[in-house]
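What follows is a short report on a single structure.
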Amino acid sequence: MAGIVGYGAYIPRNRIKVEEIAKVWGADAPSYKKGLMLEEKSVPSPDQDTITMSVEASKNALRRAGIDPREIGAIYVGSESHPYAVKPSGTVLAEALNATPEVHTADLEFACKAGTEGMFIALSLVQAAAVKYGLAVGADTSQGAPGDALEYSAAAGAAAFIFGQDKLIAEILHTYSYTTDTPDFWRREYQYYPQHGGRFTGDPAYFTHILGAARGIMAKAGMKPADFQYVIFHQPNGKFPLRAGEILGFSRKQIDPGWLVPKLGNTYSGSSPLGLTATLDIAKAGDMILLVSYGSGAGSDGFIFRVTERIDEVRNLAPRTRDMLDKNKAYLDYGVYAKYRRKIRKAK
Amino acid sequence: MPNPARAWREYPQRYRLEAEKCTKCGTIAFPPRLVCPQCGNRKFAKTKLAETGKLLTFTIIRVPPDPFEDQAPYAVGIAELEDGVKLTAQVVDCDFAALKVGLRVRLEFRKLSEEGEAGVIYYGYKFVPE
Ligand SMILES: [Zn+2]
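Taken in order, these protein sequences are the chains called Z and D. Under our numbering, the first residue of the first sequence is numbered 2, with each subsequent residue one higher. Under our numbering, the first residue of the second sequence is numbered 142, with each subsequent residue one higher.
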């Protein structure tokens, strides 16, 4: 049986409130807060990017896994904000973790699904016994165009998972993928900001794939919503995952522990993976967890986890996700946020 | 400004805090040296710096050298790590008012500088409050 050996999260300390963004663009903050169920989002410092957050999240995963980094045979970084267009994020990560040179590395992209894509591949290599341990990271420092609806949600964070066959904290019982060609959100080469299909991002995109993958994996496993203690859906805003849960028959009690988005924003490739880290932080041996990611373009990956007794030994070996979310925050005004995110054009 | 090749040679120190420990007197050399500054011994064993410590002193840089222009003002500090090594690095994620001698810090992986918008990005460690 293969599964998760260690997990780790990283969330930058900077935040900006919905009101602060709405004020600048003359938008109605209460309707954004109510409509999208968003209050604030994380913002990376100028010296943070997908690579730095991946390193910190992975080091937290290593602390919990308690393995020698040289035994990691595969490292995948899923992101839509890799710092380089050409030159892998994964090589910096592998070098920083001391996992080089006997390691297979690739950067993955699939909008918000790149993190679970890496998890899927790393897990498969472990199951095939091609590597002893595999590391997958979902990380993003995503940008929405100034004034666009996405600017209220595009946030920063990273989650890392080490997969293996021994020392498991969660077994992986089933995986499932649901993919179609659906142009709901995209960014062409050399474009700074993405574009999206507005309302088209809802029913034919997010909901079709999330519900399709959730129903598909439950049918494959012969399980129903009541069989799970916790469920995590991709969280582009507060409302979508709650509605997906409601349609499928999950309760708020199952959703809430991994529902980070009102205070975190959408961390894209880190979104549902960070929800999983927050859920593992409180899970008990025997708990069943369903995770369903979503990436525009479009696809969903599903995973069914069964938590083992080792969770109690490892959860306090690294910072908990909710602590990173709730403690030591620094609020930015829009001016500093715009400077940090390089939205201000400077003289050369 | 370091060029990519020079920065690359420093990755073991900058990325992984690799240091060398004198096999005779235990002095930790960071960056590694050929001869122990304490006892003159030429044999070292590989070690890794501790990732936590406390601030011994600090200053605020308001007129920075070129590569750090966009970051000013920023704090630079010297901290004594758990293994006794004194390390100089930027102190980030900390309001200047909260900086004080004795502040508990840990090392976090950050972007150090970049060669403009098209050049190489240099990574390494900075202090953050623990
Ligand atoms: Zn010596």
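Even for Gly, the Cβ is constructed at its ideal location relative to N, Cα and C. All values derive from a computational prediction rather than experimental measurement.
- Here M2 of chain Z is exposed. Its C-beta has fewer than 16 other C-beta atoms within 10 Å.
- Within the segment 237-264 of chain D, E249, F250, R251, K252, L253, I262, Y264 place their CB atoms closer than 8 Å to a CB of chain Z, listed in sequence order.
- Short of 7 Å from the beta carbon of T309 of chain Z, and not among the five residues preceding or following it, lie these beta carbons of its own chain, in chain order: L169, I170, A171, E172, A286.
- Interface with chain D (7 Å Cβ-Cβ cutoff): D48 of chain Z is included.
- Counting only runs of at least 3 residues, the segment 181-234 of chain Z fully encloses the following beta strand (DSSP E) elements, listed from N- to C-terminal order: 231-234.
- Along the segment 205-235 of chain D, going in chain order, the ones with a CB nearer than 7 Å to a CB of chain Z are D211, Q212, V233, D234.
- Note on the segment 40-122 of chain Z: whole beta strand (DSSP E) runs with a minimum of 3 residues are 41-44, 73-79, 105-109, in chain order.
- One finds A97, N99 in chain Z with Cβ atoms closer than 7 Å to the Cβ of R157 of chain D, taken in chain order.
- For a Cβ distance threshold of 7 Å, residue set F250 of chain D lies close to V56 of chain Z, ordered along the chain.
- Relative to F185 of chain D, the option among D:R203, D:K162, D:I201, D:T200 whose CA is nearest is D:K162.
- Counting the other Cβ atoms within 10 Å of the Cβ of D108 of chain Z gives 16 or more, which makes it buried.
- Around the Cβ of S32 of chain Z, a 10 Å sphere holds fewer than 16 other Cβ atoms; the residue is exposed.
- Taking every protein chain shown into account, the CB of Y193 of chain Z has fewer than 16 other CB atoms within 10 angstroms, so this residue is exposed.
- Cβ atoms of I233 of chain Z and L136 of chain Z stay farther apart than 8 Å, at about 20 Å.
- Shown here for E81 of chain Z: same chain residues with a beta carbon closer than 7 Å to its own, the five before and five after excluded, namely E110, A112, A115, D141, S143, Y269, S270 in chain order.
- According to the DSSP secondary-structure assignment, P270 of chain D is paired through a beta bridge with D:V246.
- Residue side-chain check: T168 of chain D places its Cβ nearer than 6 Å to a non-hydrogen atom of ligand 1.
- Scanning D:I262, D:L190, D:Q231 for the CA closest to the CA of R157 of chain D turns up D:L190.
- Taking all protein chains shown into account, Y191 of chain Z has fewer than 16 neighbouring C-beta atoms within 10 Å of its C-beta and is therefore exposed.
- The criterion of a C-beta distance shorter than 7 Å is not satisfied by Y179 of chain Z and G119 of chain Z.
- Chain-ordered, the chain D residues with CB closer than 7 Å to the CB of T53 of chain Z read F250, R251, K252, Y264.
- No Cβ-Cβ contact shorter than 7 Å links A95 of chain Z with G7 of chain Z.
- Inclusion of R71 of chain Z and A331 of chain Z in the CB contact set at 7 Å is not warranted, their separation being larger than that value.
- Distance from M38 of chain Z to N238 of chain Z at the Cβ level is roughly 6 Å; contact confirmed, criterion being Cβ atoms closer than 8 Å.
- No Cβ-Cβ contact shorter than 7 Å links I12 of chain Z with M219 of chain Z.
- Taking a 10 Å sphere around the C-beta of G250 of chain Z, we find fewer than 16 other C-beta atoms and assign the residue as exposed.
- Relative to ligand 1, the nearest heavy atom lies less than 6 Å away from the CB of K165 of chain D.
- Between Y153 of chain Z and I345 of chain Z a beta carbon distance of about 19 Å is seen, past the 8 Å cut, so the two are scored as non-contacting.
- Rounded to the nearest whole angstrom, the C-alpha separation of K254 of chain Z and Y335 of chain Z is 35 Å.
- In the DSSP assignment, M325 of chain Z falls within the unbroken alpha helix (DSSP H) covering 322-327.
- Between P274 of chain Z and T117 of chain Z, the beta carbon gap of about 7 Å places them in contact (Cβ cut-off 8 Å).
- The way I'd put it, the segment 242-251 of chain D does touch the segment 193-202 of chain D; three or more beta-carbon pairs between them come closer than 8 Å.
- Within its own chain, the residues whose Cβ lies closer than 7 Å to the Cβ of A100 of chain Z, once the five positions on either side in sequence are excluded, are P70, R71, I73, I76, listed in chain order.
- Linking E247 of chain Z to L261 of chain Z through their CA atoms gives a straight-line distance of about 17 Å.
- Look at P242 of chain Z: its C-beta is not under 7 Å from any C-beta on chain D.
- T202 of chain Z and E159 of chain D have their alpha carbons spaced roughly 47 Å apart.
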